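Following: one structure in structure tokens, then a few remarks.
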Ligand code: HEM
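Residue numbers (our numbering): 845 to 1096.
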């Protein structure tokens, strides 16, 4: 059961993705400590997995621009797997019920684990630049803004920081930042994913390795905003249906 205070209730189900449900009652300190410990564990684990992956790929392909690019591609996929549950956990629970509650209850853990793993991706960008292969300005602007949003969300997820902000501010910033990050993933995965799928299945050309590398990630990246949109559309209808059922119950 997620713990709720009047503050987190106020945010309703918007208090997911990079945000903490703050506990109430006598054991508040103990529970908060446990939540924090858990969070550090998630972040440390994500960072170590990303670092291990990067080192493994660089050892395989060499400590040169090709090796760093391959490691960037590998860590980008891990990043999506961490970001995705934070992005759609709430939507999946709203659409399909409690079976997805573990995802929405751990939105903050997934979000901050993603932020930790992203730091390895950014470190690899630094290594790539050191080889003299500096990415173009557009990459820095588009993906730099996405990275800035990730760390802004991480900063705003600190309960004390968020409490200092007006209530209306957080859902707006969160929606803007999360959707922008999702679009950054779509931008890099969708086009090669769709192209490789089309080439292989329509024309029998291209490599199945490219399909495996892109299609599942492109599908996840595109599915994310669709699920969020479906949950957003369904919400007022669900409320109407609930009101109707209450009214009908009152008649009997
Ligand atoms: C939240 C922020 C970021 C996201 C969502 C993201 C996403 C991605 C994705 C999806 C890929 C895989 C591309 C592929 O497989 O073809 C990738 C690779 C890469 N990213 Fe990031 N990235 C982020 C931050 C950055 C930043 C700030 C930079 C620096 C400018 C950067 C530079 C690169 C480079 C150079 C590659 C390798 C491209 C290649 O040669 O295949 N990324 N990133």
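In this text, a Cβ means the ideal position worked out from N, Cα and C, and glycines have one as well. The structure displayed is predicted, hence computed values, not measured ones.
Selection 1071, 1062, 1066 and 1057 evaluated against residue 914 yields 1057 as nearest (Cα-Cα). The Cβ atoms of residue 1065 and residue 1038 do not sit closer than 8 Å to each other. For residue 1059, same chain residues with a beta-carbon under 8 Å away, outside a window of 5 residues either side, are 1037, 1040 and 1041 in chain order. The segment 1007 to 1019 makes no contact with the segment 928 to 937, as fewer than three CB pairs between them are under 8 Å. The Cβ-Cβ distance between residue 1045 and residue 1025 does not fall below 8 Å.
Residue environment analysis places residue 1067 among the exposed positions, since fewer than 16 neighbouring C-beta atoms fall within 10 angstroms of its C-beta. Across the structure, residue 1000 and residue 1072 are spaced so that their CA atoms are roughly 21 Å apart. Listed in chain order, the non-local C-beta contacts of residue 962 below 7 Å within the same chain comprise 923, 991 and 994, local neighbours out to five positions each way being set aside. In this structure, the alpha-carbon of residue 917 lies about 33 Å from that of residue 1005.
The Cβ atoms of residue 897 and residue 919 sit closer than 8 Å to each other.
Relative to the non-hydrogen atoms of ligand 1, the Cβ of residue 1035 never comes closer than 7 Å to any of them. Comparing C-alpha distances from residue 894 to each of 1017, 1076 and 957 shows the shortest one belongs to 957. Closest option to residue 997, judged by alpha-carbon separation, among 910, 1078, 925 and 954: 954. For residue 943, no alpha helix (DSSP H) run applies, since DSSP gives it neither H nor E. With a threshold of 16 other beta carbon atoms within 10 Å, residue 950 meets it and is buried. Here DSSP, grouped into helix, strand and coil, assigns residue 1009 to coil.
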